[in-house]
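So the protein sequences, as listed, match chains A and B.
In terms of this note's numbering, the first sequence opens at residue 66 and continues consecutively.
In terms of this note's numbering, the second sequence opens at residue 66 and continues consecutively.
2 protein chains.
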Amino acid sequence: MARIVQKFGGTSVGDVERIKNVARRVKSEIDLGNQVAVVVSAMSGETNRLVGYTGEMGALVDAREYDVVVSSGEQVTSGLLALALQDLGIPARSWMGWQIPIHTDGIHGKARIAEIGTDALSERLNGGEVVVVPGFQGVGPDNRITTLGRGGSDTSAVALAAALKADRCDIYTDVDGVYTCDPRIVTKAKKLDKITYEEMLEMASLGAKVLQTRSVEMGMKHGVRLQVRSSFSEDEGTLVVDEDEIVEKELVSGIAYSKDEAKITLVSVADRPGVAAHIFGPLAEASVNVDMIVQNISEEGRTDVTFTVPNGDLSRAVEVLEKSTEVNYKQLISDPDVVKVSVVGVGMRSHAGVAQNMFQTLADKGINIQVISTSEIKVSVLIAEEYFELALRALHTAYGLDAEEV
Amino acid sequence: MARIVQKFGGTSVGDVERIKNVARRVKSEIDLGNQVAVVVSAMSGETNRLVGYTGEMGALVDAREYDVVVSSGEQVTSGLLALALQDLGIPARSWMGWQIPIHTDGIHGKARIAEIGTDALSERLNGGEVVVVPGFQGVGPDNRITTLGRGGSDTSAVALAAALKADRCDIYTDVDGVYTCDPRIVTKAKKLDKITYEEMLEMASLGAKVLQTRSVEMGMKHGVRLQVRSSFSEDEGTLVVDEDEIVEKELVSGIAYSKDEAKITLVSVADRPGVAAHIFGPLAEASVNVDMIVQNISEEGRTDVTFTVPNGDLSRAVEVLEKSTEVNYKQLISDPDVVKVSVVGVGMRSHAGVAQNMFQTLADKGINIQVISTSEIKVSVLIAEEYFELALRALHTAYGLDAEEV
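Here you go:
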């Protein structure tokens, strides 16, 4: 007997029939003799509808009332799934965040889970009852409903799995696992059987939107065995596990990309101590998230500074820099048509040559690298958007990731 | 300064613009220096949508999960109205049933309010904040969400007004008050300035669907001054008050009707002690609500028994009676095409002749009375459905209720 947490996203519970399908998926775990806690998202489209309403009420939206409105989507799904399970003869009940309780901090709209009470849930699970929990919601120190921010249901599921000491946390979604690369672009991409938390974190933060970053961090911290799998097929998915569990460590496990990047170059900045602080201080104050940074010597006493920001922050970043009187530069060049491509793999910790292989592969295809950044387990490059599909396919082949048969 | 509870029904909060309109109605009370608690229904259509979902989940619906799903409609409206009020510069927050708390009994799906905690709400009201409360919901002894049954938001509002010792409870709806008769049928119907609780109760239970019966009972019990008014006009509505407040008591205040009636006649029942129990016992067990009853002597030792049941219960009632071996009758005649017409007025307590006027008026129009029942403040007759509009207009004139100008 194992204790499993299952999480079903918005498309998996998108309508009445799909909720019944989810009930059958839950039943198949129960039939194996397992204990099951289920975390559900709102029916697809519901959260957008509710968020839309709040936006129409006025210019400033009180996050506490936003939470009241938006959390109702998950509440509905949890009640409906409990009913669907009961209809299959499985004892089940829904548990709101405030009933469990899932205590969070008071940052409405993007709260963080502080503590989960497990006595009641454990008792029900031990008694053979399925507990159905609306994802994305908790209760703050003010005894008001909080939400965890978009995609927070993954985090709810992993936190619940940690609190309940679950043997596994299965994240059901509309893809059947984590792939070596986006299969819509690289047709030879393979599904991975296993991936480490660290790799998954890099993949998630780089735009492979399979799992929410915070949920992976939490899984890593608490050692929760995560599985990403499809709610529409019976296939095994991808297990996200500790590095120790993976015997054969690939040099590169996957290739990720992010189109949500824009490049800013400040040409001929006066190169003196403190200049970086003068550039990036005001950007941080304006909540612009700066990612890759390079600084080149251009002429005596002056330097070029290039960095990337999220596309949505580009105009704000440019405005901040143009207003700033502290930064002395000759020209500001911005470019939204760039993509960050990254090769990720824990194996590269102990192997040299991974970056060189990447640079050579791109050079062979005539693709210019604009910015480079590296971490212990990834190498990222910024390239012109028009080349990115070509780059992904070339790198996928170069690192030996192509599936044998397509 | 007065303390007011305002209640807005589903059509009054039917879309984003209407919720903003409600916020302006609340603001106009605030601008008068009043304290305001608002009770809101779900946006029109929402409750039906949610109830529909629950019905699609299976044959048997667990009322506890039904409550979780269906109560979310009011939750959404309360959050949105708080936002709309804040946008007008009015401090406001939503209060869920479990936060206040509104304690109910544990009869999920049709719970009764047991007690309302008022400390927090009173403090906020005294501080000038508008409190927005989702109608229809509370929290049961099991710490789970309960709902009060359809139309329960009226009851929420009156209970809250009683608990908060409000000076008035304004029920905003899509009609602008209580009329002497249904204005769609009797064009000369007048809006009443005042009506007594007792009259309103008779009118409500007789099918004038302006206020939910339970809310009127509760208003009477706690002496809550109720006002029925339109959310779409600035006109004064109808005040529902204690009899003492009405100086000029009309003999008849209004004429109500109910089409939800069906007649059953058992012909030639053996007339012996206990026969009524044998007829109505099995019906009560089958939850058939019997209303008017008459028993006529037909021949020696036998009698005809006629009574009415709600239309929806007719086939069940017939089935029960046909199966029963205890009742010995010659024939069962049922007729769904009947209407109950009632004249209602507290003045008739102290005046004779009200019933006689009714019988004579109907006789003059050639309308046959099938069953008669009376209470202290009303006289009801059952007539064939085809005559009911004619009867309403004739009685409206006969009791001097016609408006002078149409």
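Just so it is clear, CB atoms sit at the ideal spot from N, CA and C, and this is done for glycine as well.
Note that the coordinates shown come from a computational prediction; the quantities given were computed from them, not determined experimentally.
- Spatial neighbours of G162/A in its own chain (CB-CB distance under 6 angstroms, excluding positions within 5 residues in sequence) are listed in chain order as Q202, G203, V204.
- A Cβ-Cβ separation of about 4 angstroms places A327/A in contact with P401/A under the 8 angstroms criterion.
- Straight-line spacing of the CA atoms in K92/B and I155/B works out to 7 angstroms.
- Nearest C-alpha to A226/A among Q425/A, P375/A, I167/A, V141/A: I167/A.
- S159/B has its alpha-carbon roughly 23 angstroms from the corresponding atom of R114/B.
- Close to chain A, meaning a Cβ-Cβ distance shorter than 8 angstroms, are the following residues of the stretch 101 to 127 of chain B: L115, Y118, T119, E121, M122, G123, A124, L125, V126, D127.
- Here E180/A is bridged, per DSSP, to H168/A.
- Burial state of M66/B is exposed, judged by a 10 Å Cβ sphere holding fewer than 16 other Cβ atoms.
- By alpha-carbon distance to G465/A, the top candidate from R215/A, Q435/A, G410/A is G410/A.
- For I311/B and L257/B, the gap between their C-alpha atoms comes out near 12 angstroms.
- Chain A has no Cβ within less than 7 angstroms of the Cβ of A228/B.
- Counted as a single uninterrupted DSSP element, the alpha helix (DSSP H) harbouring S380/B occupies residues 379 to 388.
- Within the same chain, and ignoring the five residues on either side of D300/A in sequence, the residues whose Cβ sits closer than 6 angstroms to its Cβ are D241.
- In terms of CA proximity to K72/A, E139/A leads the group V134/A, E139/A, I432/A.
- Of L397/B, D378/B, P375/B, M285/B, the smallest CA-CA separation from V334/B is found for L397/B.
- Of the candidates I344/A, I358/A, S415/A, the residue whose Cα lies closest to the Cα of S389/A is I344/A.
- Of all alpha-carbon atoms in D127/A, D307/A, S295/A, the one lying nearest the alpha-carbon of E264/A is that of D307/A.
- Counting along the chain, the unbroken alpha helix (DSSP H) around L455/B starts and ends at 453 to 463.
- Think of a sphere of 7 angstroms around the beta carbon of V91/B: no beta carbon from chain A falls inside it, the nearest being about 14 angstroms out.
- Taken through DSSP and simplified to helix, strand or coil, P248/B comes out as coil.
- Residues of chain A with a Cβ closer than 7 angstroms to the Cβ of Q151/B are, in chain order, G123, D127.
- As the crow flies, the alpha-carbon of M423/A is around 55 angstroms from that of E130/B.
- The three-state secondary structure of E121/A, taken from DSSP, is helix.
- At a cut-off of 7 angstroms between beta-carbon atoms, G182/B makes no contact with chain A.
- Interface residue (Cβ-Cβ distance to chain B less than 7 angstroms): L213/A is not classified as such.
- Under the three-state reduction of DSSP output, I84/A falls in the helix class.
- Taking a C-beta cut-off of 8 angstroms against chain A, the contacting residues of the stretch 197 to 210 of chain B are N208, R209, I210, listed in chain order.
- When C-beta atoms of the stretch 206 to 217 of chain B are compared with those of the stretch 183 to 194 of chain B, fewer than three pairs fall below 8 angstroms, so the two segments do not count as touching.
- Interface with chain B (7 angstroms Cβ-Cβ cutoff): G144/A is included.
- For V78/A, no chain B residue has a Cβ inside 9 angstroms of its Cβ, as the nearest lies near 11 angstroms away.
- I165/A sits close to G182/A, with the two beta carbons spaced by under 7 angstroms.
- Chain B has a Cβ within less than 7 angstroms of the Cβ of S137/A.
- Proximity of Q71/B to chain A, defined by a Cβ-Cβ separation below 7 angstroms, is not satisfied.
- Residue range 367 to 374 is occupied by the beta strand (DSSP E) that includes F372/A.
- With contacts defined by Cβ atoms closer than 7 angstroms, A463/A and T426/A form a contacting pair.
- Residues G366, R367, T368 of the same chain have their beta carbon placed closer than 7 angstroms to that of D336/A, with the five preceding and five following residues left out of the count.
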